[in-house]
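**Student:** I'd like to ask some things about the structure below.
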Amino acid sequence: MFDPHARDDEATAGAPTRLVVEADGGSRGNPGHAGYGALVRDPDTGRILVEKAAYIGKASNNVAEYSGLVSGLELAREINPGASVHVKMDSKLVVEQMSGRWQIKHADMRVLAAKARKVLDPRRVTYEWIPRERNKDADRLSNEAMDAGMAGVEWKPRAAARPAAEPEAAASEELPRPAGRLHHLEVWTQDLASAEKSLGWLLERLGFPRGEAWKDGVRYGSDEFYVVLESGPDVVPGGSDRRRPGVNHLAFRAGSRADVDLLARRAASHGWSLMFADRHPFAGGPDHYAAYLENAEGFEVELVAD
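Mapping of the sequence shown onto my numbering: position 293 corresponds to residue 1139, and the numbering continues sequentially without gaps.
If you want it as structure tokens, here you go:
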């Protein structure tokens, strides 16, 4: 009987009994610079429980995709080794081979497939092929891994864990929350699809997950704070002009200097152009490391290094 990871009822008490794994991998050159991304999602709420990405050096697309699968299953095992797991991937090859319908001929993939089957009891794992547009989160992670590896930096999750409160602070009386804190921002656009490809892409990478969507709008963020992109008949013609009275631009903390550099490079292929290139990355002053970006509609954002 297969049971190398027997369920520990005490350790998994309260853990989800059903999990969804989404995984992807890519190679720039095939073979070339390769990386994978994997995440575990709660099927009831849709919430991402954990995500991971890694650069694996020079490899093929298929090896990268299998590596993402193995990583995703390992993440699910850490949450609950006894859960039933449904894997979603846009690789028809991996899905068909792991489902037993296609043979695995390549030696490297046979090794990885065998490794995947040892992570969890195969009887508790099911597979589903999904189109690439429904695998955006795993695709994002794999591209982040490749970008980081090619830049020679370590991949980091979008939202870093907050440090635990100091003992004295935790024991002190809780301070009242300021009533005037920002609740949300609403950005109007003439082309919602284009805004999602540029500003929506950037928001997701800054830690604002895509949420509710409707005919003329979409929301990014959480109940604590979110950004809305909206179009529709009430938007008058003409692009955004940051030099007119009103809000000039949005500024976001974007991590370390290496994080800012990496995000600015990637943004160039998602509809953003670098502003003040002759003074970058110190356009805001010698002590202010930041990237200023502008998209096709004229929206400006500033990515500030910690």
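Idealized CB from N, CA, C, for every residue including glycine. Treat the numbers as computed from the prediction; the structure is a model and nothing was measured.
In terms of alpha-carbon separation, which member of D1062, R923 and D1087 lies closest to D967?
**Tutor:** Here the closest residue by C-alpha is R923.
**Student:** Taking buried to mean at least 16 other C-beta atoms within 10 Å of its own C-beta, is D1105 buried or exposed?
**Tutor:** Looking at its Cβ environment, which holds 16 or more other Cβ atoms inside 10 Å, D1105 is buried.
**Student:** Just how far apart, CA to CA, sit R956 and E1058?
**Tutor:** Their backbone Cα atoms lie some 40 Å apart in a straight line.
**Student:** Indicate the three-state DSSP secondary structure (helix, strand or coil) for E1000 in the structure shown.
**Tutor:** Looking at E1000 - three-state DSSP - the assignment turns out to be coil, as it is neither helix nor strand.
**Student:** R864 lies in the beta strand (DSSP E); which residues open and close that run?
**Tutor:** Here the beta strand (DSSP E) through R864 covers R864 to R874.
**Student:** Can you tell me whether DSSP reads H1134 as helix, strand or coil?
**Tutor:** In the structure shown, H1134 sits in coil (DSSP, three-state: anything other than H, G, I, E or B).
**Student:** Quick check on the DSSP output: the alpha helix (DSSP H) that includes L1028 runs from which residue to which?
**Tutor:** It is not in any alpha helix (DSSP H) - L1028 carries neither H nor E in the DSSP assignment.
**Student:** With a cut-off of 8 Å on the beta carbons, I'd call V940 and E911 a contact; round off their distance for me.
**Tutor:** Yes, V940 and E911 are in contact; Cβ-Cβ is about 5 Å, under 8 Å.
**Student:** What would DSSP say about W948, mapped onto helix, strand or coil?
**Tutor:** Note: W948 maps to coil in three-state DSSP.
**Student:** Of all the options S1086, K951, E897 and H1134, which has the alpha carbon lying nearest to the alpha carbon of V886?
**Tutor:** That would be E897, whose Cα lies nearest to the Cα of V886.
**Student:** Whose CA, out of V931, N926 and Y973, lies closest to the CA of G946?
**Tutor:** Answer by Cα proximity: Y973.
**Student:** Under the three-state reduction of DSSP, which class applies to P1013: helix, strand or coil?
**Tutor:** Caution is warranted here: a pLDDT of 41 is assigned to P1013, below 50, making its placement in the model unreliable, and the coordinate value is therefore given only provisionally. In the structure shown, P1013 sits in a helix (DSSP, three-state: H, G or I).
**Student:** Taking only three categories from DSSP, how would you classify L1038?
**Tutor:** It is helical.
**Student:** Could you spell out the range, first to last residue, of the beta strand (DSSP E) harbouring L921?
**Tutor:** Looking at the DSSP string, L921 is not in any beta strand (DSSP E); the run it does join, the alpha helix (DSSP H), is N907 to I925.
**Student:** Does the distance from the CB of H932 to the CB of V971 come in under 9 Å?
**Tutor:** Closer than 9 Å, so yes.
**Student:** Of the choices W975, K982 and L865, whose alpha-carbon is the least far from that of R1051?
**Tutor:** Here the closest residue by C-alpha is K982.
**Student:** Is V867 a contact residue of the ligand GDP, with contact defined as CB to any heavy atom under 8 Å?
**Tutor:** Of ligands this structure carries none, so the ligand GDP is not represented either.
**Student:** Should Q943 go down as buried or exposed, given a rule of 16 or more other Cβ atoms within 10 Å for buried?
**Tutor:** Buried is the call here.
**Student:** Using three-state DSSP, classify R887 as helix, strand or coil.
**Tutor:** Strand.
**Student:** Between N907, K1061, D1124 and A991, which lies nearest to P1079 when the distance is taken from Cα to Cα?
**Tutor:** Here the closest residue by C-alpha is K1061.
**Student:** Kindly indicate which three-state DSSP category K1061 falls into: helix, strand or coil?
**Tutor:** K1061: coil per DSSP, three-state reduction.
**Student:** What do you get for P1083, buried or exposed, if any count of 16 or more other CB atoms within 10 angstroms of its CB means buried?
**Tutor:** Exposed.
**Student:** Since L958 is in the alpha helix (DSSP H), which residue starts that stretch and which ends it?
**Tutor:** Taken as a continuous stretch (DSSP letters only), the alpha helix (DSSP H) holding L958 covers A953 to V965.
**Student:** Checking 9 Å against the spacing of the C-beta atoms, do V1033 and L1108 come in under that value?
**Tutor:** No.
**Student:** Do G883 and S937 come within 9 Å of each other at the CB atom, strictly closer than that value?
**Tutor:** No, the pair does not count as a contact, with Cβ atoms beyond the cut-off.
**Student:** May I ask you to report which of helix, strand or coil DSSP gives L1052?
**Tutor:** Coil at L1052, not helix or strand.
**Student:** Near A899, what residues of its chain come up, given a Cβ to Cβ distance below 6 Å and the 5 sequence neighbours on each side ignored?
**Tutor:** Excluding sequence neighbours, A899 sits near G883, L987, E990, A991 and W1001.
**Student:** So, G995 versus G903, is the Cβ gap smaller than 9 Å?
**Tutor:** Cβ distance < 9 Å, so G995 and G903 count as in contact.
**Student:** Kindly indicate which three-state DSSP category G1067 falls into: helix, strand or coil?
**Tutor:** Looking at G1067 - three-state DSSP - the assignment turns out to be strand.
**Student:** Which same chain residues end up closer than 7 Å to G878 when comparing Cβ atoms and leaving out the 5 residues on each side of it in sequence?
**Tutor:** Answer for G878: K904, listed in chain order.
**Student:** With DSSP run on the structure shown, which of helix, strand or coil describes E1146?
**Tutor:** Three-state DSSP puts E1146 in a strand.
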